[in-house]
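Participant: Here's a structure for you.
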Amino acid sequence: MNRRDFMQLTGLSAGAFMLPDIPVFGRNVAPEALLDNAIDVATKKRLADAALNAATAKGATYADIRIGRYLNQFVITREDKVQNLVNTESYGVGVRVIADGCWGFAAVVDAKSEAQTAKAAEEAVAIAKANAKLMKEPVILAPQKGFGEVSWKAPITKNAFEVPIKEKVDLLLTVNSAAMKNGANYVNSVLFMVNEQKYFASTDGSYIDQDIHRMWPNFTVTAIDPQSGKFATRDSLSSPMGMGYEYLQANPTDSVKGITTRYNMGYDMLEDVTAAARQAKEKLSAKSVEAGKYDLVLDPSHLWLTIHESVGHPLELDRVLGYEANFAGTSFATLDKWQSKNFNYGSKEVTLFADKTQPGSLGAVGWDDEGVKTKRWDLVKDGTLVNYQAIRDQVHIIGENESQGCCYADSWGSVQFQRMANVSLAPGKTPLSVEDMIKDVKKGIYIIGDGSFSIDQQRYNFQFGGQLFYEIKDGKIAGMLKDVSYQSNTQEFWNSCAQICDERDYRLGGSFFDGKGQPSQSSAVSHGSSTTRFNGVNVINTGRKI
Amino acid sequence: MAILTKEEAKKIIDKVLSYSKADEMSVALSGNRTGNIRYARNSVSTSGETTNLSLSVTAVFGKKSGTATINEFDDASLEKTARRAEEIAQLAPENPEYVPMLGPQNYLETASFAQSTADINAEYRAQAAFDSLDPCRKKNLTAAGYLEDTAGFSAIGNSKGLFGYNKATSVDFSITVRTADGLGSGYAIRDVNDVSKLSTKAATEVAMQKALASVNARALEPGKYTVILEPAASVDLLGNMMRSMDARNADEGRSFLSKKGGETRLGEKLFDERVTIYSDPANIEIPGSPFGGGGGRFGGGGSDGRPQEKVAWIENGVVKNMYYSRYWAEKKGVKGVPPPSGFIMMGGTQSLADLIKSTEKGILVTRFWYIRAVDPQTLLYTGLTRDGTFYIENGQIKFPVKNFRFNESPVIMLNNLEAMGAPQRIGGNLIPPLKIRDFTFTSLSDAV
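Sequence lines, in order, name chains A and B. Just so we're aligned, residue 1 is where the first sequence starts under the UniProt record's numbering, counting upward by one. Just so we're aligned, residue 1 is where the second sequence starts under the UniProt record's numbering, counting upward by one.
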């Protein structure tokens with residue numbers, strides 16, 4: 001399920017089927033079932049050993065098993081109504097092997113016996129052997145040491161699944177009420193909570209138990225002008241986070257005040273929706289932008305998506321190599337550009353790094369889905385392309401002998417493959433506030449929040465919208481604009497990067513629904529940045545009449 | 001086991017309903033077997049097959065509902081699931097928009113199942129992939145493709161006597177062929193219910209031809225051009241428009257069908273008079289589901305049991321129908337049709353070649369990519385051309401051109417209609433190739 005489908009299902013998209021069904025995440029269960037104890041680690045180890053031994057006995061040279069329990073909870077409301085409460089659980093086992101130099105994978109739902117996991121392992125070996133005939137060359141797997149029996153738990157302080165449903169419903173209905181009081185005509189709001197309990201074991205000697213939590217509160221406020229028949233929306237400035245319910249604990253010291261409040265690790269939903277209702281109305285009468293070149297000042301709540309599309313995706317090695325050619329596409333950032341050691345991805349200001357460790361980020365885990373310890377590494381250093389994102393069976397292609405630890409599967413039933421790490425823009429090294437940045441801009445636009453997004457299949461040409469657009473004239477904010485989108489080319493855009501605010505302004509944005517693969521898998525990923533200035537970017541006017 | 005007969009399905013559903021202590025209870029039972037094979041860089045990358053059978057029970061007390069799901073089918077498990085749904089319903093908040101369940105319905109018979117597709121196995125998939133890979137390898141071209149086949153059934157029933165059953169099969173195939181130097185790329189996509197109508201080799205040959213013909217593309221200035229959109233190009237724009245025809249959104253003032261004063265454009269001529277779009281689950285070319293609110297490949301929605309029937313959405317350019325949830329239909333006092341499972345745009349008799357021949361200057365577009373909404377008020381979308389974009393002059397394809405980004409609304413596009421060819425099946429819909437004047441390209445892309 002991609003973001004668009006989710007928005008449609010939850011009624012957050014104005015053009016959606018307003019039918020809040022959530023059909024695809026697993027079986028429906030009672031809320032309290034989400035708190036049931038999962039299978040204990042000793043049992044998981046027995047199930048895992050049965051699979052690994054069965055695979056080896058059938059001739060596998062490598063095997064891994066993922067035992068996963070995936071929990072989701074959605075609370076979906078509009079105005080004064082609860083539209084839906086959904087609790088889903090999905091449990092099963094996926095076994096991946098290498099036999100005759102080829103990958104094989106088999107999965108089984110609700111596997112709770114050693115006989116079941118062993119049978120899945122045998123099926124995986126049989127599939128590997130059958131497909132080996134179609135292979136041109138055998139899989140080369142980077143070596144990986146075993147870690148023994150280890151565990152990792154997301155550093156949350158309040159498990160969202162332990163918070164009573166009533167408290168969540170009350171929060172959303174309070175939020176909706178604030179929106180309506182402040183001039184909204186409609187408001188849709190959602191709490192979306194995820195818990196992945198996953199156990200990984202491999203023939204390398206790792207037995208890794210991990211507990212991952214994610215949380216996304218969000219809303220869309222709609223304002224309508226009956227006179228003109230126009231409508232405008234403002235989405236929440238929250239981010240999906242690798243956090244528990246503590247994300248909803250407002251923390252004024254961890255937010256950025258200004259023309260509108262923006263949030264870091266503590267989100268004040270009530271404050272944001274109050275501003276959103278007023279801003280949606282203000283959008284209706286905002287000035288339509290004059291197309292042309294502008295200096296853009298991009299808030300982290302907006303820039304994350306531009307980083308995601310124009311840096312995260314083109315630097316995925318499987319795309320560079322052509323494995324996604326029939327779907328997500330390939331990449332302009334070809335191996336020869338990386339090999340040249342002087343490909344100018346951006347200006348000297350630009351250092352972009354991949355990371356699977358930042359606390360609170362969506363990508364943070366202790367080990368990836370093939371048992372590799374996670375880390376941080378540079379992709380673009382001082383403007384130059386220096387690395388990609390790769391996993392165990394690819395990393396030899398870029399001359400490394402250790403995976404970067406960004407392998408992920410969205411379910412026990414999906415085969416793990418290379419997925420985007422958190423990819424972030426390093427903050428500026430010299431002290432710079434947003435106010436000081438704006439002071440220097442003669443003709444610019446300040447953009448907050450993510451909106452429409454589109455990029456070509458090799459990640460050159462892109463177009464982005466946003467939630468809030470403010471005109472900057474001679475160093476001052478001169479009022480709200482509408483009908484704004486900017487178009488650029490990845491290399492040109494990052495080379496127009498002139499200034500980056502310092503680390504005090506560094507915040508995360510992100511997506512629950514990064515789609516890739518056939519059949520498509522969804523992955524959650526964060527992108528951090530500080531407010532950043534790009535000079536002379538082409539802005540178009542998207543106003544039309546029908 | 002994954003595909004139960006009508007009788008087997010009814011027996012299980014009746015059994016669950018016999019355990020009901022709720023005011024109302026509905027049961028949805030579905031199962032399928034789906035398989036796939038994926039290849040890239042001229043080699044198979046992944047392949048798999050999964051089977052699913054699952055039962056979902058919804059219990060209702062007053063306006064409170066709860067759902068429980070299970071995949072075990074002994075009597076004790078069925079009863080436990082009914083009890084579980086009832087417990088969840090008792091705990092749920094009231095839904096003021098709840099509408100009582102429907103009684104018995106008459107459903108159309110649709111020809112959505114083909115045994116040939118249900119019989120697909122791993123050898124078939126490997127051969128289908130080989131038929132696509134082999135010609136590419138021989139011509140030093142690089143293939144990346146994906147084939148997915150599904151055979152399944154869906155049954156619904158409730159405590160008011162409603163029962164429906166449908167079996168369906170589907171196959172989706174897509175292929176991207178690139179030249180070894182990365183300067184040319186071509187694409188083809190096919191979908192069928194009956195796999196005997198699919199040739200992966202023939203589709204691959206189209207993609208190969210486009211890959212070879214698209215090498216060394218020249219840059220044209222962005223601007224307004226006459227375009228010929230192949231169905232693979234127009235399907236997403238038209239599909240997005242059809243998905244935006246929700247009556248409640250229009251009535252609430254937040255749709256392209258809203259207008260000032262709280263009115264809607266229902267009954268207004270909004271498009272060129274040659275534009276007629278309807279849905280018909282019994283159409284033999286795109287047989288759809290006889291029930292369900294917009295399920296299947298058209299994108300989500302629940303199954304509330306309303307029958308799918310033939311519906312005119314746009315007729316001679318006039319908006320004839322919007323789709324309704326049962327709640328909104330009741331509130332508005334109208335019959336309220338559900339969203340369709342696929343749509344049919346009427347066209348002409350000309351082939352794509354005929355449309356090219358009659359074009360003085362224009363651009364032929366194979367497909368669009370990464371289409372996203374820019375403005376829901378005007379249905380403005382942006383996206384890019386991909387995998388085969390060509391300049392036409394004096395009725396002939398002259399040379400390949402670099403890909404463009406567009407910013408265009410399907411509403412404006414269907415007012416700028418020049419000509420239409422014979423409809424073709426694409427993504428569960430029937431769409432003609434369209435010749436459109438003044439299509440807005442706003443920038444160039446270097447992507448191949």
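Ideal placement from N, C-alpha and C gives every residue a C-beta, glycine not left out.
#1: Taking the alpha-carbon positions, what's the Ala201(A) to Thr117(A) distance?
#2: Going by Cα to Cα distance, which pick from Lys283(A), Ala107(A), Ala286(A) and Gly363(A) is closest to Glu154(A)?
#3: Who are the neighbours of Gly35(B) on chain A, taking C-beta pairs under 9 Å?
#4: Among all the DSSP beta bridges, which residues are the ones paired with Arg507(A)?
#5: Using a Cβ cut-off of 8 Å, pull out every chain A residue sitting near Trp369(B), in sequence order please.
#6: Quick one: which chain B residues come within Cβ less than 8 Å of Pro226(A)?
#7: Which chain B residues sit within Cβ distance under 8 Å of Glu472(A)?
#8: Quick one: give me the first and last residue of the beta strand (DSSP E) that Leu468(A) is part of.
#9: Just the C-alpha distance for Tyr388(A) and Trp377(A), rounded to the nearest angstrom, thanks.
#10: Taking all protein chains shown into account, decide if Gln518(A) is buried (16 or more other Cβ within 10 angstroms of its Cβ) or exposed.
#11: Compute the Euclidean distance between the alpha carbons of Leu270(B) and Leu55(B), then round it to the nearest angstrom.
#12: Determine the direct distance from the alpha carbon of Gly62(B) to that of Val448(B), and round the result to whole angstroms.
#13: Excluding the 5 residues flanking Arg507(A) on each side, which residues of the same chain have their C-beta closer than 6 Å to its C-beta?
#14: How far does the beta strand (DSSP E) with Asp196(A) in it reach, from first residue to last?
#15: Please state the DSSP three-state secondary structure of Gly292(A).
#16: Going along the chain, which residues of its own chain have a beta-carbon closer than 7 Å to the beta-carbon of residue 452(B), five neighbours each way excluded?
#17: Taking the alpha-carbon positions, what's the Tyr19(B) to Ser189(A) distance?
#18: Nearer than 7 Å: is that true of the beta carbon of Ala144(B) relative to any heavy atom of the ligand COA?
#19: Whole angstroms are fine: how far does the CA of Ser47(B) sit from the CA of Leu134(A)?
#20: Cα-Cα, which of Ile540(A), Ile500(A), Leu305(A) and Trp338(A) is closest to Ser317(A)?
#21: For the beta strand (DSSP E) containing Ser174(B), name the first residue and the last one.
#22: Taking only three categories from DSSP, how would you classify Gln249(A)?
#23: Verify the CB distance criterion: does Pro93(B) have a CB-CB separation below 8 Å to chain A?
#24: For Phe105(A), I'd like the list of residues in its chain whose CB is within less than 6 Å of its CB, leaving aside the five on either flank, ordered along the chain.
#25: Considering only residues of the same chain and omitting the five flanking positions on each side of Arg3(A), which have a CB-CB separation below 6 Å?
#26: Going by CA-CA distance only, name the one from Ile140(A), Lys136(A) and Glu471(A) that's closest to residue 575(A).
#27: Determine the DSSP secondary structure at Asn2(A), reduced to helix, strand or coil.
#28: Classify Glu7(B): buried if its beta carbon has 16 or more other beta carbons within 10 angstroms, exposed otherwise.
#29: Could you check the C-alpha separation between Leu29(B) and Asp75(B) for me, to the nearest Å?
#30: Could you name the residues of the region 399 to 428 of chain A whose beta carbon sits closer than 9 Å to any beta carbon of chain B, in the order they occur along the chain?
#31: Please confirm if Ala126(A) has its CB atom under 8 Å from at least one CB of chain B.
#32: Kindly list, in the order they appear in chain A, the residues whose Cβ is closer than 9 Å to that of Ile175(B).
#33: Less than 6 Å between C-beta atoms, sequence neighbours within five positions excluded: which residues of the same chain meet that for Val395(A)?
#34: Using a C-beta to C-beta distance shorter than 9 Å, which residues of chain B count as neighbours of Arg392(A)?
#35: Listed in chain order, which residues of the region 215 to 245 of chain B have Cβ atoms closer than 8 Å to some Cβ of chain A?
#36: On the premise that Asp483(A) lies in contact with Gly528(A), defined as a C-beta separation below 8 Å, what is that separation, rounded to the nearest angstrom?
Facilitator: Taking the definition as stated:
#1: Roughly 12 Å separates the two Cα atoms.
#2: At residue 154(A) the sequence reads Ala, which differs from the Glu that was named. Ranking Lys283(A), Ala107(A), Ala286(A) and Gly363(A) by Cα distance to Ala154(A) puts Gly363(A) first.
#3: Chain A residues near Gly35(B): none, gap ~11 Å exceeds 9 Å.
#4: For Arg507(A), which the question treats as bridged, DSSP gives the partners Ser529(A).
#5: Neighbours of Trp369(B) on chain A, chain order: Gly329, Asp456 and Gln457.
#6: Identification of chain B residues near Pro226(A) by a Cβ-Cβ cut-off of 8 Å yields Gly253, Lys260, Gly261 and Gly262, ordered along the chain.
#7: Before going on, a small fix: residue 472(A) reads as Ile here, not Glu. Residues of chain B with a Cβ closer than 8 Å to the Cβ of Ile472(A) do not exist; the shortest Cβ-Cβ separation is about 23 Å.
#8: Element bounds for Leu468(A): Leu468 to Lys473.
#9: Going by the C-alpha atoms only, they are around 9 Å apart.
#10: Burial is judged here by how many other beta carbons sit within 10 angstroms of a residue's own beta carbon; Gln518(A) has at least 16 and is buried.
#11: For Leu270(B) and Leu55(B), the distance between alpha carbons rounds to 43 Å.
#12: Spanning the two alpha carbons is a distance of roughly 58 Å.
#13: Once the five neighbours on either side are set aside, the close Cβ partners of Arg507(A) are Asn264 and Pro300.
#14: Just to set this straight, residue 196(A) is Glu in the shown sequence, not Asp. First-last of the beta strand (DSSP E) with Glu196(A): Tyr186 to Ser202.
#15: Collapsing the DSSP output to three states places Gly292(A) in a strand.
#16: Missing from the structure shown is residue 452(B); chain B here goes from 1 to 448 and no further.
#17: Per the coordinates, the alpha-carbon of Tyr19(B) lies some 36 Å from the alpha-carbon of Ser189(A).
#18: For the structure depicted, the ligand COA is absent and the ligand set is empty, with no information on it obtainable.
#19: Cα to Cα, Leu134(A) sits roughly 11 Å from Ser47(B).
#20: Just to set this straight, residue 317(A) is Leu in the shown sequence, not Ser. Of Ile540(A), Ile500(A), Leu305(A) and Trp338(A), the residue nearest in Cα terms is Trp338(A).
#21: Start and end: Phe163 to Thr179.
#22: Coil at Gln249(A), not helix or strand.
#23: At least one chain A Cβ lies under 8 Å of Pro93(B).
#24: For Phe105(A), same chain residues with a beta-carbon under 6 Å away, outside a window of 5 residues either side, are Arg96, Ala124 and Val415 in chain order.
#25: With a pLDDT of only 45 at Arg3(A), under the threshold of 50, the placement of this residue in the model should not be trusted; the figure read from the coordinates follows. Residues of the same chain with a CB within less than 6 Å of the CB of Arg3(A), apart from the 5 flanking positions on each side, are Phe513 in chain order.
#26: Look at the range of chain A in this structure, 1 to 546, and you will see that residue 575(A) is not part of it.
#27: In this prediction, Asn2(A) scores a pLDDT of 43, lower than 50, which makes its location untrustworthy; no coordinate-derived value is stated.
#28: Its Cβ having fewer than 16 others within 10 Å, Glu7(B) is exposed.
#29: Going by C-alpha positions, Leu29(B) is about 15 Å away from Asp75(B).
#30: Of all residues in the region 399 to 428 of chain A, those with a C-beta nearer than 9 Å to a C-beta of chain B are Gly413, Val415 and Phe417, reading in chain order.
#31: No - not a single Cβ of chain B is within 8 Å of the one on Ala126(A).
#32: The contacting residues are Asn326.
#33: Only residues of its own chain outside the window of five on either side were considered, and among them Ala142 and Ser403 have a CB closer than 6 Å to the CB of Val395(A), listed in chain order.
#34: None at all; the shortest Cβ gap to chain B is about 15 Å.
#35: The region 215 to 245 of chain B vs chain A, Cβ under 8 Å: Asn240, Arg243 and Ser244.
#36: At roughly 29 Å, the Cβ-Cβ gap does not stay under 8 Å, so Gly528(A) and Asp483(A) are not in contact.
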